[in-house]
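Accompanying notes for the structure given below.
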Amino acid sequence: MRADRQEQGDGLTAPTIALRAFEERTRALSLESQMVECVDLLQNPALLVDEVLRSVCEVREAKEAGSDVRIVSSERADRTAFFYPSRELFVQGDGCSFTCLATELDFDTGEEREPDPRPVDEGFVRQGRTIDYAAVTCESRPFPVLGFAQRSEEESGYPLLMRALSSLIELVGPRRFDLLDRDVYRGLLGPAPVFDLALVLWDDEEVPDERRPLCELTRDLAELLKRVLSAEAGFPPILNDVVCLRMNQKRFDGRLRFVWRV
């Protein structure tokens, strides 16, 4: 079950944690294989929990010069992109909205980067370790949200959940939370940050029907993982809810449709 621990060509030279390698392999599976694997994990959650906890240990033990880490993000105010800083996003069916603070977030550790030759879909950057957007809810007490959006016709909610969890775990590395708090959230996170993870899927009449059952299986897996990890001393208390949303990628106007929350 454990994925190959080697670089996947995302342009980063930093070591790949177990869950990130697992996510990258999962993303390449057919929808049918993803459904089979998701059902297997629901029946044997210890397999995935082991990958998650191993990844946390790998991040904590990584040899990295913390003083060299800095946040990189998109500096474009591109109003044609799906997400951009200051964009208001409205969630239909959940009675909430949130504001993007930064998009295309990544962490630069000073390691040499190589160009990524792979094509990208319009509106998004490359597959990899990027957090698509960091946002806050529009409430009297704003809550931090990290967003991960579908980037191609082939992607489903299952690898998207794995990408979100991998990115969250990588934040446990040196100075990550401090930098997010200082450069993006402006002090909102505080000493004990907790995040919602938003999974944003495409939604139009051309989406194959077989993705819908996989979306529900992803919900079941997220619910199971959240329950199990909350009782694991080795997993830091940084995860609040996992939320699934849908967007019309062909005529996106900032409105998202609520699907589920666990």
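Following the numbering used here, the numbering of the sequence shown begins with 630 at its first residue and continues without gaps. Cβ atoms here follow ideal geometry from the backbone N, Cα and C, with glycine treated the same way.
**Item:** Tyr814 versus Pro773 - alpha carbon distance
**Value:** 8 Å
**Request:** Could you spell out where the alpha helix (DSSP H) holding Val857 opens and where it closes?
**Result:** Arg840 to Ser859
**Prompt:** Buried or exposed: where does Ser703 fall if 16 or more other Cβ atoms within 10 Å of its Cβ makes it buried?
**Reply:** buried
**Asked** In the DSSP assignment, what are the bridge partners of Met876?
**Response** Trp831
**Asked** What residues match up with Phe711 in a beta bridge as DSSP calls it?
**Response** Beta-bridge pairing links Phe711 to no other residue.
**Validate contact between the region 717-725 and the region 675-692 using beta carbons, cut 8 Å, 3 pairs** = no
**Request:** Would you list the residues sitting across from Cys725 in a DSSP beta bridge?
**Result:** Val720
**Message:** Per the DSSP calculation, Tyr762 is bridged to which residue(s)?
**Reply:** Thr732 and Gly776
**Message:** Determine whether the beta carbon atoms of Ser795 and Glu661 lie at a separation below 9 Å.
**Reply:** no
**Asked** With Leu817 and Pro771 assumed to form a contact (beta carbons below 8 Å), what rounded beta-carbon distance in angstroms separates them?
**Response** 6 Å
**Prompt:** Three-state secondary structure (DSSP) at Ile646?
**Reply:** coil
**Prompt:** Does DSSP classify Val688 as helix, strand or coil?
**Reply:** helix
**Item:** Close beta carbons around Gln878, own chain, < 6 Å, minus the five adjacent residues each side
**Value:** Trp831
**Nearest candidate by alpha-carbon position, reference Thr759, set Ala710, Ser781 and Ile700** = Ile700
**Request:** Identify, in the order they occur along the chain, each residue of the same chain with its Cβ nearer than 8 Å to the Cβ of Val698, setting aside the five sequence neighbours on each side.
**Result:** Phe736, Asp737, Thr738, Gly739, Gly802, Pro803, Arg804, Arg805 and Leu808
**Prompt:** Hey, Ala827 and Val872 are a contact pair by Cβ (cut 8 Å); roughly how many whole angstroms apart?
**Reply:** 5 Å
**Asked** Roughly how many angstroms lie between the CA atoms of Pro609 and Asp810, to the nearest whole one?
**Response** Coverage of the chain is limited to positions 630 through 891, which leaves residue 609 absent and any answer about it impossible.
**Request:** Just mark Ser684 as buried or exposed, buried being the case when its beta carbon has 16 or more other beta carbons within 10 Å.
**Result:** buried
**Item:** Span of the beta strand (DSSP E), counted from its first residue to its last, around Arg884
**Value:** Arg884 to Arg890
**Prompt:** Which of the three DSSP states, helix, strand or coil, is assigned to Val681?
**Reply:** helix
**Assumed close pair Leu671, Leu789 - CB separation to whole angstroms, cut-off 8 Å** = Going by Cβ atoms, the distance from Leu671 to Leu789 rounds to 17 Å, so no, they are not a contact pair.
**Request:** Pull up the distance between the alpha-carbon of Ser859 and that of Val823, whole angstroms please.
**Result:** 13 Å
**Prompt:** For Ile798, does the three-state DSSP call read helix, strand or coil?
**Reply:** helix
**Prompt:** Based on Cα-Cα distance, which residue from Asp882, Cys844, Leu734 and Thr766 lies nearest to Val668?
**Reply:** Cys844
**Asked** Around the Cβ of Gly863, are there at least 16 other Cβ atoms within 10 angstroms (buried) or fewer (exposed)?
**Response** exposed
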